[in-house]
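Encoded as structure tokens, the structure appears first; notes follow it.
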Amino acid sequence: MGEVDITQKLLIKEATEVEEEEVVVVVEEEEEEVEELGLINKVWNESKKIWVVAGPAIFTRCSTFGTNVISQAFIGHIGSTELAAFSLVFTVLVRFANGILLGMASALETLCGQSYGAKQYDMLGVHLQRSWIVLFVSAFFLVPIFIFTTPILEALGQEENIAQEAGVISLWTIPLGIPGAMVSTIIAFWIPNVGQLLFVICGGCPETWKGFSMLAFKDLWDVVKLSLSSGVMLCLELWYNTVLILLTGNMKNAEVSIDALAICLNINGWEMMISLGFLAAASVRVSNELGRGSSKGAKFSVVVIVFTSFAIGLVLFFIFLFLRERLAYIFTDDEDVAKAVADLSPLLAFSILLNSVQPVLSGVALGAGRQSTVAYVNMACYYLIGIPVGAVLGYVVNLQVKGVWIGMLFGTFVQTIVLLVLTYRTDWDNEVTIARNRVSKWAVNDIGESSTDK
0 MGEVDITQKL LIKEATEVEE EEVVVVVEEE EEEVEELGLI NKVWNESKKI
50 WVVAGPAIFT RCSTFGTNVI SQAFIGHIGS TELAAFSLVF TVLVRFANGI
100 LLGMASALET LCGQSYGAKQ YDMLGVHLQR SWIVLFVSAF FLVPIFIFTT
150 PILEALGQEE NIAQEAGVIS LWTIPLGIPG AMVSTIIAFW IPNVGQLLFV
200 ICGGCPETWK GFSMLAFKDL WDVVKLSLSS GVMLCLELWY NTVLILLTGN
250 MKNAEVSIDA LAICLNINGW EMMISLGFLA AASVRVSNEL GRGSSKGAKF
300 SVVVIVFTSF AIGLVLFFIF LFLRERLAYI FTDDEDVAKA VADLSPLLAF
350 SILLNSVQPV LSGVALGAGR QSTVAYVNMA CYYLIGIPVG AVLGYVVNLQ
400 VKGVWIGMLF GTFVQTIVLL VLTYRTDWDN EVTIARNRVS KWAVNDIGES
450 STDK
């Protein structure tokens, strides 16, 4: 029986190698056809492919994140303490948890993208189920953070009244005045998740969803390893703002400082949803091109996506500079908070400009499966440069919250430069080889296992 299994796997491997050779020939022919097109037509064709992914991703992310912004706007008009507490929960705790869960889930962007590019459509459903298992276990260990919110925030040096209010919000048993905003936020989070689940399992993706499979429990460790590197990369990025909020909470007049920074971070975060939509597009386009064996296609996709996202960021940069005096009144009636937000608005505008490029470059790394490299870059730029500079400017130079933001901006600037250099120096032919080996390994293992199960 063992000899039959080995022979079967060898036959599968040989068939896969033959298919790969045929794919290489097809890709070369397609690249020759593309080269015959003019630059404008090439950009137009690539832009259409990008917006097929980026458009829905931007709409979904902006709509989902918008529930936070709208809830914050309502709660901000209840009182400054409530606004500070809400900001701590969503900027510190929720972002902490989302950093882990979104990071662990981003392994799918590599695995599914490259499998789709290699036309192994049935593997997408298996990868999705494996990711569900990993994420469920991860979420189980995050629950205590929301149960013990108050003592955690007090231990981190936050003011007692803000920590107490945040503890109530995190348990969703909110005192009168906040429940409407919180209930609507929770419902808004659940509806798209349930809708997407039903879409997947009820026939919306017939080629990629073949039903629940025991293959989801095989090779889980490989998924965990890729998920961990993805998780570290995204956690270091999302937790950056969390640390800045905590630093601000230890400054003079903490309520006003937290409120002003949180308002700016939420506006920045809402704009960031556009960049994250392009991150998704970059990840999908790069992984698809690498999966099908086209290094030229991957490289061209990167150039078009980066310039498209930067152009949108430049427009938003000027819009937020123009609206600097009016932004805060959407979220608060407090004059002190409004003045603090207006003072931070130029820094907000520059952050938006940088954020139009940096996430897209991270998406390129995700598509190529280079999460660990970006994790090292994030750690160095954010935690060894940005936060120390922000702490010195905020506490020592006494620039307060503005100093913290300048430090954050400087760390992001260094990160963007490093990612640009890394992307420019990428050997795309080598990335194609790595992607092909990864896809072949998963395909042979999974098809072989499923055959022997029968």
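FYI, the numbering for the sequence shown is 0 to 453, going by numbering that gives the first Met the number 0.
Just so you know, even glycine gets a beta-carbon here, dropped at the ideal spot from N, CA and C.
CA-CA distance, M272 to F64, rounds to 8 Å. For the pair V336 and A253, the CB atoms are not nearer than the 8 Å cut-off. The beta carbon of C263 is closer than 7 Å to those of V340, L343, L347 in its chain, skipping five residues each way along the sequence. Boundaries of the alpha helix (DSSP H) harbouring V417: 400-423, taken from the DSSP string. Take the alpha-carbon of F309 and the one of M407: they are about 20 Å apart. Your pair V359 and A281 checks out as a contact, with CB atoms roughly 5 Å apart and the cut at 8 Å. With fewer than 16 other Cβ atoms from the protein chains shown falling within 10 Å of its own Cβ, W43 counts as exposed. Its Cα nearest to that of L278, the residue A53 stands out among I161, V388, A53. By the Cβ neighbour-count rule, C111 is buried, with 16 or more other Cβ atoms within 10 Å of its own.
Distance from the CA atom of E159 to the CA atom of A84, rounded to whole angstroms, is 10 Å. The Cβ neighbour count for F58, taken over all protein chains shown within 10 Å, is under 16; the residue is labelled exposed. Under the three-state reduction of DSSP output, G292 falls in the coil class, being neither helix nor strand. Under the three-state reduction of DSSP output, E158 falls in the coil class, being neither helix nor strand. For T63, the enclosing alpha helix (DSSP H) covers residues 38-75. Residue state for P205 is assigned as coil, using DSSP reduced to three classes. Counting only the Cα atoms, L418 lies some 12 Å from V305. About 13 Å separates the beta carbons of R94 and L275, which is beyond the 8 Å limit, so they are not a contact pair.
Straight across, the Cα-Cα distance linking R323 with F317 is about 10 Å. Per DSSP, I351 is one residue of the alpha helix (DSSP H) stretching across 334-354.
The distance from the Cβ of V413 to that of I384 is about 6 Å, consistent with a contact at the 8 Å cut-off. In the DSSP annotation of this structure, I200 is not part of any alpha helix (DSSP H), being labelled neither H nor E. In the structure shown, Q370 adopts helical secondary structure according to DSSP, grouped into three states. In this structure, the straight-line span from the alpha carbon of I351 to that of N265 is close to 12 Å.
Ranked by Cα distance from G98, the options Q399, T415, L227, H76 are led by L227.
The beta carbons of Q357 and A364 sit about 11 Å from each other, so the pair does not count as a contact at 8 Å.
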